[in-house]
Structure formats: C-alpha cells, structure tokens
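Protein chains in written order, with the numbering used here: chain C, 1 to 664; chain X, 1001 to 1097; chain Z, 2001 to 2699.
Using N, Cα and C, we set each Cβ at its ideal position, and we do this for glycine too.
On a predicted model such as this, the values are computed, not experimentally measured, just so you know.
Below is one structure, written out as structure tokens; the observations come after it.
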Amino acid sequence: MPVIPVAGSEDFANVPTSPTETRRIVGDAVRLHDVDQSVIDNLDPLTYEVVRHRLTSVTEEMGEALKRMSGSVVVTDCNDFDAAIMDEVGDVVQVGLYNTELAASLDMAANWTLRHRATRPGIGPGDMFLCNDPWVGGGLHQNDVSLFAPLFIGGELFAWTGAVAHQVDLGGVSPGSWSVGAADVFWESTPIPPVKIVEAGEIRDDIEDMYLRRSRVPKLVALDLRAKIGANNVAHDRLRALCEKYGAPTVKAVMRRVLNDAESRLRAKLRELPDGSWSSVAHQDSARSGDRGIYKIICTLTKSDDQLVFDFTGTDPQVDGLINCTYAGLRGGIMPVLLTTVCGDIPWAPGGLYRCVEIISEPGTINNCTFPSGIGKASVASAWATTNVVTECLAGMLDAHPEHRQRLMSVCCGTWDFALLAGVDQRGSGFVTMLCDSMAGGLGARTHSDGVDTGGLACIPMGRVADVEMNEFSFPMLYLWRREEADSGGPGRYRGGVGASSCFIPYDSPLGGVHLVVSAPGKALPLAGGLSGGLPAGTQHDVLLRGTTVRADFASGRIPSTLGELGGQTEVLPTHHETDLGASDVYFTHWQGGGGYGDPLLREPEAVAADVIAHKVTRDAANEVYGVPLTTDGRVDEAATEARRSALRLSRAGLTEARQEINA
Amino acid sequence: MRLFIDDNLEQHDNGQVTCRQCDQVLGDAQSQLRDARVTETEPQTVGPSVRESPTLFADRPVILRRSFCPQCLTLLQAEIVPADEPSVRHRSLSVKP
Amino acid sequence: MAYVIGIDIGGTFTDAFAASEAGRVAATKTPSTPPDFSQGFLSVLDDLADLLGISRRELLADTHYIVHGTTSTLNALVTGDVATVGFLTTRGHAGSIAIMNLEGRYAGLGSDQVQDMVLTNKPKPLVPPQLIRELDERIDHKGAEVVALDEAGTRTAIRELVAAGAQAIAVSLLWSFRNDAHERRVGQLIAEEAPDLYVALSCDVSPRIREYARSATTIMNTQVGPRLRNYLRPLEAELRERGFGGSLLVMQGSGGCVDSSDAPSRAITTIGSVLTGGVVGCTRMAEALGHRNVISTDMGGTTFLAGLVVDGEPVATTSTVLNQYQLNVPMVDVHTIGAGGGAIAWIDAGRNLRVGPRSAGARPGPACYGDGGTEPTVSDVDLLLGIINPDNFLGGRKKLSKDLAAGAVRTHLAGPLGLSVDDAAAAVYAIQNAQTADLVRKVVVTSGQDPRDFVLYAFGGAGPMHCASYAADLEVAEVVVPLGATAAVFSAYGLAASDIVLTAELSSPSNFPAPVEEFNAAFAHLRSELEDRLAAQKLHFAEVGYRNEADMRYTLQLAEVATPVPTEPVDVAGLQGIGNGFGELYERLYGKGSGFAEAGLQLITYRTRAVGVLPIRPLLAEINPGAGDPKPASIRRVFLDARRGWQDADIYDYRDLAAGHELKGPAVVEAPTTTVALPEGCIGRVDRLGNLVIRYTQA
C-alpha cells in the first residue's frame, strides 16, 4: 500500500531556524534572555575558562545522573542517551560524551517548542516538555524520548537543558517498537510532538498516563522519566548557582563565546586541509521483513576554504519499511563523525560547529523522509548508514593531511545488530529487553594502527556490554559462548577491529521459550567499507538452529563450540525476522567489525602471524587474503610469503604470469 | 609539493596522481583512478569475511569491485556493492597554484 | 615498652614511623632501595632504633607489629613485571577478558581523552592466547550444574599451561560464586598435577557476579601473588632472625591491614596501599581534632588526589580501574583528579588559557627548577606570585629561579595573550584553584554529600599553597594544613595507626525482599568466614566490629548502591526497613523524586566488613604552647587574590610558631616540607598538634 501523505504534517517537518527568526516568531510570548556584544568582547580569559569548565561539569553530572537513575539497559549499558545545555534559542552549547547522534536533534526540539508552544500552552518556570517525534527533533526515532526544560532567570528564559534516552518499548506491533513488518509509521509507536509533561515543577498525571499507556513496560519507562527529570533538575541547580556567582550576562557571554570558539577552531582546522570533494556510498539491505531490496545513500562532501557541504543528491527515495530517518536523523548521522574524527580536540559545541556545515538533501529521500514513512529503526538504519558514508568522505578529507590523518578511522561496525527478547523471566515477571552484546562492534582501522577489536560503536565514545552473568540473571537465557570472531575485521595493511558473536538458548522461562525480534542488515553485503585498498569488514551473520541436540550435549558433558556441532535445522535469518525461540532452539548472532585500511598484501607478515595466534584472523585468511602462509607452529616463512604474495597480486587482479610479462 | 592523498596515492603540483608504491601515473586531480585496473568478481572472492551468498538475502546481484595499480598491482580501492551501481567512490583534490 | 611501627615503601622514598605505648615517637625517611626494597625496609628499622636510642634487637623484641605499605604490587602490575599466569575458564567464555565489556578501551581515561576517540586503545591482553584454556563445565544462575566438570580435559589443560610456561594459574568459571564445587575441584586437580604452582580461584578472590571483572581481578591477583609471597617470606624470616617476635602486617587499599601470611593469597588487595596510609592518617587526625567529615586533598608535584571521610570512616568503593581493567577490590575511594604543582599552563587552539591536565612531572619539571623545563607550570606561578620563597624551597635544598619562571610565562602565556606576566600568573593561579574546586565538589556531590558539612585537610608539597583559595569556593567550614612532627611521614604514621580490616562478600542476586532466612543465612556465612580469618591473624584485638551492607538496585539498573544492613539478624519488618533505607539513600544520591519503588528492587551482593582494632594507637605529638603574637620572620609582596592584587604579606617561619598562635592574612608560612598561603580574609591558628587551621572571616 503506497504511503499516503498526511495533510498538516508539514507543521512538524522541522528544519533549523536562525536565532533572529526564532526571536521574531516568539515575539512577546516569552521573554528570551540576550546579552550585549560588549559583555562577550570584555570577557577575561580567567572567567571564560572557569565558567566554561563548569558548563562541561554540568553535562557530565547530567549524564551520570541519567545513567544511575535509569532502569533501561539501553541507557545504562549502551549509553544510548545524551544530555545537553542549550542557549535560549536552543543552540547546543555543550553536549555529553554519550550517544553523539542525539546531539544533533535536541536543539531542533527545543527550538520548535519555542516557535509553537510559546502560547497554548505557554512556556514558564518549572515546565518540562517531552517529545519523541523525530520530525520535530529531540531524538532520531520514537524510542528516543527527550525531556527538555527551560531555565528562567530574572523572568527571562535564559537557557534550555535537555536529556534524551532510548526507551526499550513504547508500543507498536512488535515488542521493542521496531515493527519489522512496518510499511509506515502507523505500524509503529505514534510519535508525540512536544507536550508539557511537567508543569511548574509537578508531573502532570494526565500527560504521564497518556505517555506510559502506550508501553509494554510502563514502570521502567516511568523510572526513566524521573531520571530525566532528575538530570534536568541537577542542571538547573548548577546553572542557577553559576549565574548567582558570575551574573547571568557573564554566563551567557561565555556560552556565546563557546559557540564562536568551536566555530572558529573548526574553521581554522578546515583551512589547514586541502580543498576538494570526496564522494562515497553506504548501503542497507532490506527495508522490512520480506523485503529483498538494497538501498543506497550517496554523499558528496565538498570543502572549500572553511566550509563543508554535505550533498546527498543521488540518495534513494524513502521506502516502505522501518529504516527511513528524518532530517534530524540525517543531521544525527553527520554529527558523530564530525565530533570524533574532526573535533577530537575541539570543544563539542554543536551549535557553533553547525555554522561550518551546509546540508543539501531532498525531502522524500531515505535519510530525509516525509511523514508518515516508517522510522522505527531510523537511528541505527538510515542515520547510521549516513554516518557510514560521511565517515568515508571525512576520512578522505583528513587523509590528505599529514597530521590530521591520525584521527581518521575506516567505517566502524556497519550497523546495530538488533536482537530483542520478550517473555516471562525466571521469577515469573514479564520482560522486554534489547540484547546489547552487539555494542562490542569492531572499530575501523586507522592510518597508523589497527582498529580496536570489539571496541564499540562509532557514534558512542563510551559504552558497555553487560556481563554474561548479568544477562543470565536478568533474563531467561544461557550462553553457549560470547567471543570475538576471526576474520570479521576488514583486512588491510591495518586491520579493522574484529566484531564478536553471542550464542545462547532460552533457559528457565516458565513459558519454555522466548519471543525473538531480529533486525540486522549487512547480510547481502558488508556495510563497513575499507579505505585506501582496505577491504570491507565481514557481513552480519544470524543463524537460528531449531531442534538441536544442545541439552543432550550438556548431559553428556560437552559444551558445543561451533554451529556444526549443534545439529538440528539451520535457518540463516534474513535481515528482519520475528519468531519464538523454543526450548531446544539455539540463536547465534554475529555482529560486525570495522573496515580495513591499505592493501592487505602490505601488512607486516609478523602482524598477520600474531593475528592468527590471537584468533583475530584464521590461517586460511592469512594465506588467501594476506598472502602469509604460516608454518605448522604458526610462524612466518619469508620465502613462502614473498612467493604467495606475488602470485596473489596477479590472481586477484585477474592476471596470469603470462599476461604480466606482456604488460611489462 | 608532495601531497599524499592516502596510503597508495600521491598528487603532484602538475595535477598528476601517481602510485606511491611504484610511481606509476594513475590519473589526475579530477579523476584519480582513471587508469586503474578494475575487476569485478563474486563477493565471496574477498575471503571468509562474506559469510553467506548474497543471493540468500537480495535479488539484485552484488559484486566485489577492486581497483589496482596497473603496474605493481597494489590494491587501491575495494567495494562490495550492487552490480548495477557504477562506483561513486571518487575524490578530487584541488591543485595548489 | 611496646612499640608499633609503620613503614611505607614508595618508589623513591621509604618512610618510617615508630610509636611506643607510652607516647615516644620517632620518624625518619630514607631513599628506597629498588630492586630489593627489603634492604630499605631493614635499614630504616635500624634508623628508628638509633633515633630511639636503643639497639635494633631491643626495638624488634619490643615491637608488637610492623605495618608494611608498599607500591610494589601496583608497580608490578603497571610495568608488567609479573608472574606468568595461565588462565582456566568455562568453555565459550575466554573472550570475556579480551572483549572487556568494551569499556576497557576508555576506562580510567579523562574526558579529554575519551572525546579524542580515535586515539584510544584497549590495554595489552592480560593473558596471551597460548596461556588460556577453556574447560567443559557449566553452572547456571541458580547454582545448578548444567554440564559436569570434564576432569580429564582439565588435567590436560593444566599440563599444557605448565608446558607453555605458566608459573601460576588463575581459575574463573561462570557462576562459581553461586556454586564453587567446580572451581574447588579444579583447584584440587592443579594441586595434584602441579603441586608447587600458585593458584587462585575466583570464588576465593572475588565471589562477585559479573565475570569480566571477577576474572580480571583473579588473574591480576595471580600475577602478583607469587612475588608478594616470595618477598614477604624471606623478609619475615630475616626479621625473626633479628629478634622480631611480633606480627608483620601488610596494608591494603581498603584502609586496613592483614597479616603477612594472609596477604599473598589476596595480593590484589594491596594495590592501593600507598594511598591508604595517608587516608588512615587523615582519619586518625580527624578523630584527634573532633572532625566527623573530612575532604582529604593531597596535591604533590604530579597529581592531585582527593578522598572523603564521612562520619569518621573513609568513603570506600568496591571497584577500581587499573591499566583500564575493571577490578573488584575494596578501596578507599581516592580520586586522581588532575595535575599537581607541575601542571602546565598553556593556550589552546582557541586562544583560551588552560591549566593541565598535562604535567611537567619531575623531569624536566617546572621552569624555575632549572632542569630544562621551558613550559610554565603552577609551581612557576606560585613562585612569581611570591608564595614560594626561592631561597627557602625544601628547606633551602633546592634553589629556584624567578627569571626562568617569568621567561616561561612571558613566552608561552603573557606574550600571546597580550597580558603582563603578573596578570597571566594571577590568572593561572585562579584557574587552577577554580578547576580544583569544581573537581573536588564533583567528588563530594556524587557521594551524596554537601561540601559545607566538611572540613578540608590539605596535604602534599603544593596543596597548602592553594588550599585556602580552592576551599573558599567549596564553602567548607575550615581548612587544616597538617604541619606537626608526623607531617613529613604522614602515611607511615597512618600505617602504624591502622587496624586489621577484612572484607567478605558474596553475590546472590535475587528480587528483593528475599526470604528472611536466606537473607540472614547469607550474612551469617560471611560473618563466620570473617571470624575464622580474624582468628588466623593471630593478633590480640582491643575490640572487633562488624558492618554489613547489601548492594541493591531498582530492577535492571546499571549499578547498585551499597545499603547499610544491621549486624543482627532481621525479621520481615527489618527487611522492609532496609528496602526503605535503600530508597532514601538513593534519593540522597540522585535527587528527590528520582526513586521509583514500583519498578521493583533487587539485591545483588552481600558484604560484611570486619575491623579488628589493634590495641596500641599511636598518638599524634603535641607541640609547645606559645604566648603572645607570633613574630613574622620577614615581609614580602605576594599576589594571593585577584580582587586585592599585590600586597605586603607577613612571612612566618614555621619553627617560630607555637600552639595557640594566630596569623592574619595576607600571610605565608614557610615550613620544611611545604608552604601555606593565607589570603586576606583568612585567619590561621596553630593547634595543639602543630597544624595550621584556617578559617574565613569574610568573603
């Protein structure tokens, strides 16, 4: 059924609006704080540094508060949340080191709220707004629920603080709210545009009920709501104290200067880099269950002088499925790479950094979709694919500079390997949880060293995988293994970091089994490409084995360590799948590594030998891909290596000895 | 002034792009891999990292496209993409006057 | 005449302190003697005997116990100079210590480094692949056996590890804390196959859920256990040879010590011991001065450390990070929060003035040292502002150059920013203090405390030059700078003043409330284990105290909160009370309204701490009282406060001061090991122990 445009959805199709325009629209409805240019100009270095340092501390405290208070494993372990301090019009002054994708959308939500909620219901002290509508902003898909709060000082709206975190379930056809069969957003959790859930310091029960009613796990979602309220309260207390000590004009002047500073430092770095253009592509396979399409996002990055233009012309149109993302997702796809590879040594003040960035993108494309396209997976589908293509483009730009190339990475783990379990746990309680083992993706190779094995995800500088024991305590499951997977890192002169796999059975549930929702692309083709002759990382591999011998194996004193040993019927899972895992079934999920850098035949043979000993590369791959045939005790045979590499150079280029002679 | 574009490519003031391993001319600033030797093969030829045949998951054919220096056969670029998509992985750096 | 002795062996210096029951004290310091630190240990005992005017044999015969603190365990782990360890674990899970829950890539790094993500890396693997073997065996979450232990396979694995060069073996099997039968059996098999090998089982070292940290802890324990055993045994034998009849005790990171016969099997607990001496000393000082809550700060040349004492007890943590590995080691919670006097002031790419975190360290050191340092540091600024006397630094042992300091500031800061050298120096001083205050406040607040309820103690060579300023920002009640006889060897004093502290814990995760019988049985088990271990210390205790706590959380949260539990068995109502206590503690830490009991509570780990109070408590020496006002030794211009600029300040020589003397800022007190800066608006009073106590009379 074709996606039918919904009249009135234009009101929610948000694009960033300038401070001047915002003030004009808001008019007298809310008094917005401002500061004179002279105060900014007269800031002394001491005050600037002290106040700036304190602003950073505040976002750290917000993030720590969120982590500790949340009951959501996605927050606590996956770090799928963020916190930010924004100025009075919503520009982000300081963002936390958590999920950097989310740094790109809090500003949009706060700003939209100013323009659309200044009257009816109005914005006043003690108010907090909740939003999970990714067309407006706040987050990248409905699971990302943002809570942002205006801080009033002296009767003026001085700043906004915001906290956003992924909630594990907010309704929709499939548990986890990623309806793998979705054709459009109406299959999914219905987005909530900004609504005032806290009024003058008190939670509004009617709004809270409306929000929680849609979730399969309302108690956990309520806990997280309080965590977000707590984080905003902490931030407001600190900011108020800061203004009392230094004066609101000074603190605002520091905020302005932080933005200007970030902008000018990014511009300075851009000027050091050669002008040019770099284009690349990122793919995703399958838009929904049963779909066998492959979709592309194309990006051409052009740098002239100190300005970056990301042009997504050529990107596929939006699709029937859950993998589209909105403009917030597009911005959110660019931000992580910009922050980690170009701004590693520049303050993370997106409000200033965005001034150096222009985005060309057509609404109606897969990473700039219109309502009511399906977006349940947006953050890890089209937004993530946007990150992948932008990674390659920015890496190309950095590679041309002798110093800045230190900070480029090939594409990291190409996607999020989503595995959601639901059912009844060992203690008889209902549960829904996303398995976060796949946080341990491989990072992309660098120009000077391998990518970090099971090092994490590109968009999340920190992050955690829950211990096997903690998962086995919390949920009815038992792991046969969790281990790094050889050959999953993209081969190269520098190897991409390996990914890993988990293999488990349902265990001890009163129902005997668990419900499983799987959504993980990268099966028809790998999603983490290599650079400069480096090869892509391995493909995603999810296998369900039905009716295995695993219980008999246990009884006979063995733990199987390969799929082959398990017997039963093998189902290689497509990208999207929803099913039930029975008592004799086994689920194996193998997530992705990072892309390689440089020709694998140029990798130091000793490094390849060490890789094989450490189970990062198999002997076969050492021989076939790296051209390093090892002795029986795993050591390098230099003569054999030279011969093998000569032969491989010819055969992989489709040449024989004879043809090479002709060329010479 | 020498400008290294990446691990394998170098751009010269006259706009020529050469192979860093063997100095072979490969192209120019606008078309860096113009003269590269390009092959297209089944994705599984890349090695054990492609775990299953793409035909299991997608209808469009998928290929491994590799570009080599025609002289020393160093691998300059590799991608696994749908066969019907021409390569969009291009770069061009402006030549300093 | 009964003596107690504390000996703290650091990388550079060995400090020693002896006190008799009657109140005689002796303190001394000597350079450490790597690679055989025991030489320094023995020679410092001789020095103490000389100071006390008795023979070495007399001293040792009369000494009840010697408490030994050392950095050697920590150094060994940091440098990798450790035993070769083989690792045995459950089939399918050897990857745990490589995956490191992924957080190993950034654990322990500052936010500047975390942000620079592309340059982060995981540390070296704990155990190389050829020294790891997986065993067919499996216990489940309830403690039931799912797969029997493959004994034949285990024997083969043990033999292979020995053949591969293992000098010691660490065993960590899944869920062993629930059911240790398999680990114990593996331990027996190792004893049969390789009787001389040092073995550590995770169910002994760290029976706590979460296999990654448990395995890392067990492996690291095994890496340093043999060395500690091989160091302590001959040392104790030599002491006995020399007439020592008492106990040799080893300091742990938890703030207490343990008998040397017990220490090697739990060697990993000694890694924090170099810091804990100071914290224990601080706790005793607080007792003596009647302070319940203390923020302890220690600012040296390279680092700034902060710890808390709350209600008379050091705040402890149950985990720590070393070499980016997560370890389950109860530690006094000491935060390394920045650089010390050697912190470099610099201008970043945005032309902003920054201080730290990079440090000039000991080499090349601050520019004013004249040892080749060219970048301006906090110490250079302290010199330029008149706080440090270039001719009286370290008692005159090191001459400093104002010219070099001024040059560094001019070249790197003042010039580029268009400021005068004075203004640039003043800005650096103020930024350092504000930053320090921020970081200390964070430590206090994240513990759920309010700095205004605390007194701040300032230790270290550089701390007292800054403490009046950074403490003012925190609004603490008063600031104490320890300057008495024990100040120079404060950590050794702390060692001598410490008690036996043993911790036992056991993870038994369940929904809360658990059945009352189970709950009480768990603590009874821990209590009994501790009673046995206390008896094995073979010491006479003045008293024995126990404290129970339970790590609890709202369902599925990341981390637990250690919740106090009564030491007597509880009933159903009592359990309810504990749950309420968790809720209150939670709200205190994370804010009102943040708790949500409807999400359900879970209890994860039971823990009991036993303190065996040792009978001799060395007293801090008092100094003579003085009459009248103290006389300043000189006057010089100093810059201590941006609002007041340069002022004439009274300069006092510490040796001229007596108990009861009061000094008004602006003033500077020069002492043998440090300098104290008193801005205007502060009054410093010398207390009976010789400390300088600073109060604020005006903002």
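- Comparing alpha carbon positions, the residue from Z/Met-2285, Z/Arg-2105 and Z/Gly-2612 closest to Z/Arg-2547 is Z/Gly-2612.
- Only residues of its own chain outside the window of five on either side were considered, and among them Glu-2137, Leu-2149 and Leu-2173 have a CB closer than 6 Å to the CB of Z/His-2182, listed in chain order.
- Against chain Z, a Cβ distance below 9 Å from C/Pro-134 picks out nothing, because the smallest value is about 25 Å.
- Residues Pro-1082 of the same chain have their beta carbon placed closer than 6 Å to that of X/Arg-1060, with the five preceding and five following residues left out of the count.
- Closest option to Z/Val-2321, judged by alpha-carbon separation, among Z/Thr-2070, Z/Ala-2213 and Z/Thr-2303: Z/Ala-2213.
- Z/Leu-2135 sits close to Z/Thr-2154, with the two beta carbons spaced by under 7 Å.
- In the same chain as Z/Val-2258, and ignoring 5 residues on each side of it, the C-beta atoms closer than 8 Å to its own belong to Leu-2249, Val-2250, Gln-2252, Arg-2266, Thr-2269, Ile-2500, Val-2501, Leu-2502 and Gln-2537, in chain order.
- In the structure shown, the three-state DSSP call for Z/Gly-2069 is strand.
- Here the alpha carbon of Z/Met-2117 sits roughly 16 Å from the alpha carbon of C/Met-439.
- Beta-bridge analysis with DSSP links Z/Cys-2257 to Z/Met-2251 and Z/Ile-2500.
- Z/Tyr-2369 is bridged by DSSP to nothing; it lacks a bridge partner.
- For the pair C/Gln-318 and C/Gly-376, the CB atoms are not nearer than the 7 Å cut-off.
- With the criterion set as a beta carbon lying under 8 Å from some beta carbon of chain Z, the members of the stretch 450 to 465 of chain C are Val-452, Asp-453, Thr-454, Gly-455, Gly-456, Pro-461, Met-462, Gly-463, Arg-464 and Val-465, in sequence order.
- Minimum Cα-Cα distance from Z/Leu-2417 among the listed residues C/His-33, C/Pro-45 and C/Asp-34 corresponds to C/Pro-45.
- According to the DSSP assignment, Z/Phe-2304 belongs to the beta strand (DSSP E) that extends over 2303 to 2310.
- Counting the other CB atoms within 10 Å of its CB gives Z/Met-2001 a total below 16, which places it among the exposed residues.
- By the criterion of a C-beta distance shorter than 7 Å, C/Leu-239 is surrounded in its chain by Val-58, Leu-151 and Ala-159, once the five residues flanking it on both sides are discounted.
- Contact annotation: in the stretch 478 to 496 of chain C, residues whose CB is within less than 9 Å of a CB in chain Z are Leu-478, Tyr-479, Leu-480, Trp-481, Arg-482, Arg-483 and Glu-484.
- C-alpha of Z/Ile-2158 to C-alpha of Z/Ile-2271: approximately 28 Å in a straight line.
- A contact between stretches requires three or more CB pairs, one per stretch, nearer than 8 Å, and the stretch 326 to 334 of chain C fails this requirement with the stretch 2100 to 2112 of chain Z.
- Remark: three or more beta-carbon pairs, one from each stretch, lie closer than 8 Å, so the stretch 104 to 114 of chain C and the stretch 8 to 22 of chain C are flagged as touching.
- Shortest Cα-Cα distance from C/Asn-368 to any of C/Met-409, C/Arg-24 and C/Phe-312 involves C/Phe-312.
- Look at Z/Asn-2548 here: in three-state DSSP terms it is strand.
- Assigned with DSSP and collapsed to three states, Z/Arg-2637 falls in strand.
- Taking a C-beta distance under 7 Å as the contact criterion, C/Cys-503 and C/Val-389 do not qualify as a contact pair.
- If you ignore the 5 residues before and after C/Lys-219, its C-beta comes within less than 7 Å of no other C-beta in its own chain.
- The three-state secondary structure of Z/Ser-2265, taken from DSSP, is helix.
- Exposure of C/Gln-307 is indicated by the presence of fewer than 16 other C-beta atoms within 10 angstroms of its C-beta.
- Under the three-state reduction of DSSP output, C/Ile-359 falls in the strand class.
- Secondary structure at C/Thr-76: helix, using DSSP grouped into helix, strand and coil.
- Listed by position along chain C, the residues whose Cβ is nearer than 7 Å to that of Z/Trp-2175 are Glu-469.
- The C-beta distance from C/Gly-122 to C/Ala-200 rounds to 11 Å, too long to fall under 8 Å, and the pair is not in contact.
- Using a Cβ-Cβ cut-off of 7 Å, X/Ala-1058 counts as an interface residue toward chain C, since at least one Cβ of chain C sits closer than that to its own.
- Contact of C/Leu-525 with chain X is assigned, a C-beta pair being separated by under 7 Å.
- Going by DSSP, Z/Leu-2526 is part of no beta strand (DSSP E) but of the alpha helix (DSSP H) stretching over 2516 to 2536.
- Contact check for C/His-576 against C/Ser-289 passes: the beta carbons are separated by less than 7 Å.
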